[in-house]
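Enquirer: Numbering (this note's numbering), first residue to last: 2 to 177.
Using N, Cα and C, we set each Cβ at its ideal position, and we do this for glycine too.
Handing you this structure, nothing more for now.
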Amino acid sequence: MKQKYTLSIADLQISVISDAPAEEVEKVGGILDRKMREIYLKSRCPKTEAALLCALECVADRMSLSEKTAELEDKCDKYGVVLDGLKDRNAELTAELDRLRQENSVLRSLLSQGSRPADPVSPDPIPPAEFLSRVADAQNETAAVPEPVEEPPVEEPRRRSRVGSMFEQLSFGDVD
2 MKQKYTLSIA DLQISVISDA PAEEVEKVGG ILDRKMREIY LKSRCPKTEA ALLCALECVA
62 DRMSLSEKTA ELEDKCDKYG VVLDGLKDRN AELTAELDRL RQENSVLRSL LSQGSRPADP
122 VSPDPIPPAE FLSRVADAQN ETAAVPEPVE EPPVEEPRRR SRVGSMFEQL SFGDVD
């Protein structure tokens with residue numbers, strides 16, 4: 002709701018209509034009064050010129066703040082893009098971490114099954130060196146496909162040819 006206020010600025014009485022609270026109007030009036038008195042005392046110019054100089058300074062300050070605001074909004078937009086990229090990268094790394102944790106869980110269960118069949122996952126941590134050696138052992142085992150057992154070949158008695166070759170004559174094998 003708009004209200005009428007009377008302000009004293011540089012010994013001039015002015016009436017202002019505003020919907021701002023009384024404290025805010027008085028605060029703005031006080032700032033303007035100090036600025037006008039500062040300009041008036043420094044330059045010894047008439048009050049009307051001091052008012053114009055004060056208005057010019059306020060407009061220059063506002064333009065400077067508008068430019069800074071625009072720069073900050075641009076930076077905020079750029080940082081927003083960077084933040085979105087970092088959020089995407091964080092999601093990728095989180096997914097990779099979850100995958101590695103799951104793989105670690107599977108490897109630990111495989112290792113624990115090899116050492117203790119009744120205990121599916123060992124709650125006790127094992128030293129890294131022992132863990133790595135167990136992983137290496139588990140990778141080298143081929144439990145799914147048993148290796149065929151070869152029976153030693155049955156040796157047949159050697160027959161010597163009547164006409165022996167030079168190698169048979171020189172061998173250290175069967176000596177007749």
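Classify ILE178 as helix, strand or coil using the three-state DSSP reduction.
Expert: There is simply no residue 178 to check, as the chain begins at 2 and stops at 177 in what is shown.
Enquirer: In whole angstroms, what is the alpha-carbon distance linking ALA119 and VAL83?
Expert: As a working note, residue 119 is residue 118 in the sequence shown. As a working note, residue 83 is residue 82 in the sequence shown. Only weak support exists for where ALA119 lies, its pLDDT of 49 falling under 50; the value from the coordinates is given anyway. Their backbone Cα atoms lie some 51 Å apart in a straight line.
Enquirer: Tell me where the beta strand (DSSP E) around LYS5 begins and ends.
Expert: Locating residue 5 in the sequence shown gives position 4, counting from the first residue. LYS5 -> beta strand (DSSP E) spans 4–10.
Enquirer: Just tell me which of GLU131, LYS3, GLU97 and ILE127 has its CA closest to the CA of PRO22.
Expert: For the purposes of this step, residue 22 is taken as the residue at position 21 of the sequence shown. The candidate whose alpha carbon is nearest that of PRO22 is LYS3.
Enquirer: Taking 8 Å as the threshold (C-beta atoms), are MET37 and ALA61 in contact?
Expert: The sequence position of residue 61 within the sequence shown is 60, counting from 1. The sequence position of residue 37 within the sequence shown is 36, counting from 1. Their beta carbons are not under 8 Å apart, which means ALA61 does not touch MET37 by this criterion.
Enquirer: Quick one: using the 10 Å Cβ neighbour count with 16 as the cut-off for buried, is LEU133 buried or exposed?
Expert: Mapped onto the sequence shown, residue 133 falls at position 132. Answer is exposed; the Cβ neighbour count stays below 16.
Enquirer: Taking 8 Å as the threshold (C-beta atoms), are VAL26 and TYR6 in contact?
Expert: Along the sequence shown, one-based indexing puts residue 6 at 5. Along the sequence shown, one-based indexing puts residue 26 at 25. Yes, the Cβ-Cβ distance between TYR6 and VAL26 is below 8 Å.
Enquirer: Given a cut-off of 8 Å on the beta-carbon distance, is the pair LEU94 and VAL136 in contact?
Expert: Start at 1 with the first residue of the sequence shown, and residue 94 comes out as number 93. Start at 1 with the first residue of the sequence shown, and residue 136 comes out as number 135. In this structure, VAL136 does not lie closer than 8 Å to LEU94 by Cβ.
Enquirer: Quick check: what's the CA-CA separation for ASP85 versus ARG100?
Expert: Position 84 of the sequence shown, counting from 1, holds the residue named residue 85. Position 99 of the sequence shown, counting from 1, holds the residue named residue 100. Distance between the alpha carbons of ASP85 and ARG100 is about 23 Å.
Enquirer: What does a CB cutoff of less than 6 Å around LEU54 pick up in its chain, not counting 5 residues either side in sequence?
Expert: Within the sequence shown, the letter at position 53 stands for residue 54. Cβ neighbours of LEU54 beyond the five flanking positions: ILE40.
Enquirer: Should ILE15 go down as buried or exposed, given a rule of 16 or more other Cβ atoms within 10 Å for buried?
Expert: Translated into positions along the sequence shown, residue 15 becomes position 14. Exposed is the call here.
Enquirer: Exposed or buried, which one is ASP20 when buried takes at least 16 other CB atoms within 10 Å?
Expert: Counting from 1 along the sequence shown, the entry for residue 20 is found at position 19. So ASP20 ends up on the exposed side.
Enquirer: Does SER9 pass the burial test, meaning 16 or more other C-beta atoms within 10 Å, or should it be called exposed?
Expert: Working through the sequence shown from its first residue, we reach residue 9 at position 8. It is exposed - the Cβ of SER9 has fewer than 16 other Cβ atoms within 10 Å.
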